[in-house]
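*Asks:* Protein chains in written order, with numbering that gives the first Met the number 0: chain A, 0 to 165; chain Y, 0 to 248.
Where a beta carbon is used, it is the ideal one built from N, C-alpha and C, also for glycine.
Keep in mind the model is a prediction, meaning the values are calculated, not measured.
One structure, pasted below without further comment.
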Amino acid sequence: MAKNNKKLLFIFNTIFLPAIIISSPDLLKINGISPCWPVIWLLPFSLKNTPWKSSIASIVLGIFLDSFTISDVSYIPSLFLLSLVWSQYGLHNKKIELYFNIGLMAVFGTAVVGLSIWIQKIMLYSFLRNNWFYSWSIYAFTTEVLITGLVAPFFSSWLLFMYKKN
Amino acid sequence: MIQARRKIGFHLFFKSGFRLIFLTAIFLIGIRWTKGAGYLDVYSILVRPILPGTAQSEWLKEGQNIEKNIRLQILEKDNIRLRRALSLKETHNEEKISAAVISRSSRSWWQYLEINKGAKDGILKGQTVIGPGGLIGLIDSTTLFTSRVRLLTDPGHQVGVWIDRTKRHGILTGMGTNRPKLIFLNKNSLAKIGDAVTTSPASTLLPPNLIIGIVQFIDEKALPTPYAIVQLTASPEAIDWVQVLKDNG
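Written as structure tokens, this is what we have:
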């Protein structure tokens, strides 16, 4: 049984997750914005593992995701910070399987990732400094938080359940 | 029984052949008065099944399209000849690569399209990508079988453009929405709402005269230079096929 779980996790982590990040299916989008998949993946992993392991996983995930973006803005700082926070939280709190808890943590994580990208873009592109609070950023930020909050309870809690089983 | 003379006359009139003459006269007066309306209406109902329908209008449109295409080809040839005479850059229409959009991120933090043609098909970084409506972006990176197109809407993406009517240059800067910002290089833009924005003929990166969008808003008093908001004519959210211009000129 444990072997089957490991297989499932392996397939999910190595095939399903990268495929869904690359293809960004319209089915899982709100107004053209996909859920924040790195948060959905990192949240259960960090809750189950030590800060050391989680931080390494966040850096690896960040490097992987940065290869799919088109500017110098990086996922790594925000994912690194989140991995440390969540792994600390996971070590001290045992009752975190609740859907609502997972959803709230994913919302928080997506907000941190979104803010990090937003700030990096403002720092990188001088013209955005004069227009830093314009509609597109707010739209992308709020929509991503919303869709991740809706999707995370399903995927992240299932992943957490699988990690705990192994 | 003796009847009144007037009643007898009326009875005789209907009984006799005068009735036919009377009805014919009424009928003719009716037709003359309505200018043959009844006949025309009946005729139109009868010939309705054999009237030239949508097929004929399509033939007409097709004919008009052929005529327009021929005129366009003549004008393009003239344009190429004149551009050669003036030693300006040319657009090589024959060197286009059609590609399908396989992944789309047109509204999130990064705005790009993934297309199904790559380095194997001769696509290189920096090549121009057009779709129905005009320019949509430039090739940002390529793999063997795919390419990533950075959209004009992506924040931080800047291309040199101009307004043909005023002959004023500017830098089109992506702002994350379908309405990028056109920052003019001159103090006085002379632009008007509705002006067409195209790629600059002086550009060394892009082919000349590719349609980009229409000016929707202008702030002439902005500092240090005026700016305009441009509505793009091509919509990356709805495009499934694009064309990559192999030679940017």
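#1: Can you check DSSP and say which residues form a bridge with alanine 98 (chain Y)?
#2: Going along chain A, which residues have a C-beta under 8 angstroms from arginine 147 (chain Y)?
#3: Kindly indicate which three-state DSSP category isoleucine 211 (chain Y) falls into: helix, strand or coil?
#4: Mark valine 38 (chain A) as exposed unless 16 or more other C-beta atoms lie within 10 angstroms of its C-beta, in which case mark it buried.
#5: Within its chain, find whatever has a CB closer than 8 angstroms to the CB of valine 46 (chain Y); leave out the 5 residues flanking it on each side and keep chain order.
#6: Bridge partners for serine 140 (chain Y) per DSSP, in chain order?
#7: Would the C-beta of asparagine 30 (chain A) count as close to the ligand FMN, meaning under 7 angstroms from any of its heavy atoms?
#8: Can you name the residues of chain A whose CB is closer than 9 angstroms to the CB of tyrosine 42 (chain Y)?
#9: Check whether the Cβ of leucine 123 (chain A) lies closer than 8 angstroms to any Cβ atom in chain Y.
#10: Which one or two residues does DSSP pair with lysine 180 (chain Y) in a beta bridge?
#11: Below 8 angstroms on the Cβ atoms is my guess for valine 111 (chain A) versus leucine 81 (chain A); work out the distance and round it to an integer in Å.
#12: Taking Cβ to Cβ, would you say proline 34 (chain A) is nearer than 8 angstroms to threonine 147 (chain A)?
#13: With a cut-off of 8 angstroms, do at least 3 Cβ pairs link the segment 210-223 of chain Y to the segment 100-115 of chain Y?
#14: Is the distance from the Cβ of isoleucine 238 (chain Y) to the Cβ of proline 131 (chain Y) below 8 angstroms?
#15: Are any of the Cβ atoms in chain A nearer than 8 angstroms to that of tryptophan 109 (chain Y)?
#16: To the nearest angstrom, how far is it from the Cα of phenylalanine 160 (chain A) to the Cα of phenylalanine 144 (chain Y)?
#17: Of all Cβ atoms in chain Y, is any one closer than 8 angstroms to the Cβ of serine 33 (chain A)?
#18: Using the DSSP secondary-structure output, state which residues sit across from threonine 198 (chain Y) in a beta bridge.
#19: Where glycine 102 (chain A) and leucine 149 (chain A) are concerned, what is the direct C-alpha to C-alpha distance, given to the nearest angstrom?
#20: Taking just the CA atoms, how far does leucine 22 (chain Y) sit from glycine 16 (chain Y)?
#21: Among Y:Leu244, Y:Ala24, Y:Ile20 and Y:Ala227, which has the Cα closest to the Cα of isoleucine 135 (chain Y)?
#22: Listing by chain order, which chain A residues have their CB less than 8 angstroms from the CB of serine 102 (chain Y)?
#23: Do glycine 169 (chain Y) and valine 160 (chain Y) have their beta-carbon atoms positioned less than 8 angstroms apart in this structure?
#24: Terminal residues of the continuous beta strand (DSSP E) containing isoleucine 114 (chain Y)?
#25: Could you check the C-alpha separation between lysine 60 (chain Y) and proline 200 (chain Y) for me, to the nearest Å?
#26: Give a yes or no on whether the C-beta atoms belonging to threonine 224 (chain Y) and lysine 186 (chain Y) are separated by under 8 angstroms.
#27: Would you report the Cα separation of serine 70 (chain A) and arginine 149 (chain Y), rounded to the nearest angstrom?
*Replies:* The structure says:
#1: Here the question's residue 98 (chain Y) lines up with position 99 in the second sequence. According to DSSP, which records beta bridges pairwise, alanine 98 (chain Y) is partnered with Y:Val241.
#2: Position 148 of the second sequence holds residue 147 (chain Y). Per Cβ cutoff of 8 angstroms: Ile69.
#3: The count along the second sequence starts at 1 and reaches residue 211 (chain Y) at position 212. The answer is strand: DSSP assigns isoleucine 211 (chain Y) an E or B state.
#4: Counting from one through the first sequence, the residue named residue 38 (chain A) turns up at place 39. Under this definition valine 38 (chain A) is a buried residue.
#5: Here the question's residue 46 (chain Y) lines up with position 47 in the second sequence. Short of 8 angstroms from the beta carbon of valine 46 (chain Y), and not among the five residues preceding or following it, lies no beta carbon of its own chain.
#6: Along the second sequence, read from residue 1 onward, the residue named residue 140 (chain Y) stands at position 141. Under the DSSP definition of a beta bridge, serine 140 (chain Y) partners with Y:Arg147.
#7: No copy of the ligand FMN appears in this structure; indeed no ligand is present at all.
#8: For the purposes of this step, residue 42 (chain Y) is identified with residue 43 of the second sequence, where counting begins at 1. Chain A residues near tyrosine 42 (chain Y): none, gap ~54 angstroms exceeds 9 angstroms.
#9: The residue labelled residue 123 (chain A) in the question sits at position 124 within the first sequence. Closer than 8 angstroms: yes.
#10: Numbered from its first residue, the second sequence carries residue 180 (chain Y) at position 181. Beta-bridge pairing links lysine 180 (chain Y) to Y:Thr172 and Y:Ile228.
#11: Translated into positions along the first sequence, residue 111 (chain A) becomes position 112. Translated into positions along the first sequence, residue 81 (chain A) becomes position 82. With a Cβ gap of about 6 angstroms, valine 111 (chain A) and leucine 81 (chain A) count as contacting.
#12: Start at 1 with the first residue of the first sequence, and residue 34 (chain A) comes out as number 35. Start at 1 with the first residue of the first sequence, and residue 147 (chain A) comes out as number 148. Contact: yes.
#13: The segment 210-223 of chain Y makes no contact with the segment 100-115 of chain Y: fewer than 3 CB pairs, one atom from each, lie closer than 8 angstroms.
#14: On the second sequence, residue 238 (chain Y) is found 239 positions in, with the first residue counted as 1. On the second sequence, residue 131 (chain Y) is found 132 positions in, with the first residue counted as 1. The answer is yes: Cβ separation under 8 angstroms.
#15: As a position in the second sequence, residue 109 (chain Y) is number 110, starting the count at 1. It does; some Cβ of chain A falls within 8 angstroms.
#16: As a working mapping, residue 160 (chain A) is identified with position 161 in the first sequence. As a working mapping, residue 144 (chain Y) is identified with position 145 in the second sequence. Spanning the two alpha carbons is a distance of roughly 38 angstroms.
#17: As a first step, residue 33 (chain A) must be located in the first sequence, where it is residue number 34. So yes, serine 33 (chain A) belongs to the interface.
#18: In the second sequence, the residue the question calls residue 198 (chain Y) occupies position 199. Paired residues: Y:Val160.
#19: What you label residue 102 (chain A) is simply residue 103 of the first sequence in a count that begins at 1. What you label residue 149 (chain A) is simply residue 150 of the first sequence in a count that begins at 1. Going from the Cα of glycine 102 (chain A) to the Cα of leucine 149 (chain A) covers about 7 angstroms.
#20: For the purposes of this step, residue 16 (chain Y) is taken as the residue at position 17 of the second sequence. For the purposes of this step, residue 22 (chain Y) is taken as the residue at position 23 of the second sequence. Distance between the alpha carbons of glycine 16 (chain Y) and leucine 22 (chain Y): 11 angstroms.
#21: Working through the second sequence from its first residue, we reach residue 135 (chain Y) at position 136. Comparing Cα-Cα distances from isoleucine 135 (chain Y) to each of Y:Leu244, Y:Ala24, Y:Ile20 and Y:Ala227, the minimum goes to Y:Leu244.
#22: Here residue 102 (chain Y) refers to the residue found at position 103 of the second sequence. Those within 8 angstroms of serine 102 (chain Y) in chain A are Ile21, Ser22 and Ser23.
#23: What you label residue 160 (chain Y) is simply residue 161 of the second sequence in a count that begins at 1. What you label residue 169 (chain Y) is simply residue 170 of the second sequence in a count that begins at 1. Yes, the Cβ-Cβ distance between valine 160 (chain Y) and glycine 169 (chain Y) is below 8 angstroms.
#24: Position 115 of the second sequence, counted from the start, is the residue given in the question as residue 114 (chain Y). It spans 111-114 - the beta strand (DSSP E) in which isoleucine 114 (chain Y) sits, taken as one unbroken run.
#25: As a working note, residue 60 (chain Y) is residue 61 in the second sequence. As a working note, residue 200 (chain Y) is residue 201 in the second sequence. C-alpha separation (whole angstroms): 33 angstroms.
#26: In the second sequence, residue 224 (chain Y) corresponds to position 225, counting from 1. In the second sequence, residue 186 (chain Y) corresponds to position 187, counting from 1. For threonine 224 (chain Y) and lysine 186 (chain Y), yes; Cβs fall inside 8 angstroms.
#27: In the first sequence, counting from the first residue as 1, residue 70 (chain A) sits at position 71. In the second sequence, counting from the first residue as 1, residue 149 (chain Y) sits at position 150. Rounded to whole angstroms, serine 70 (chain A) to arginine 149 (chain Y) spans 10 angstroms at the Cα level.
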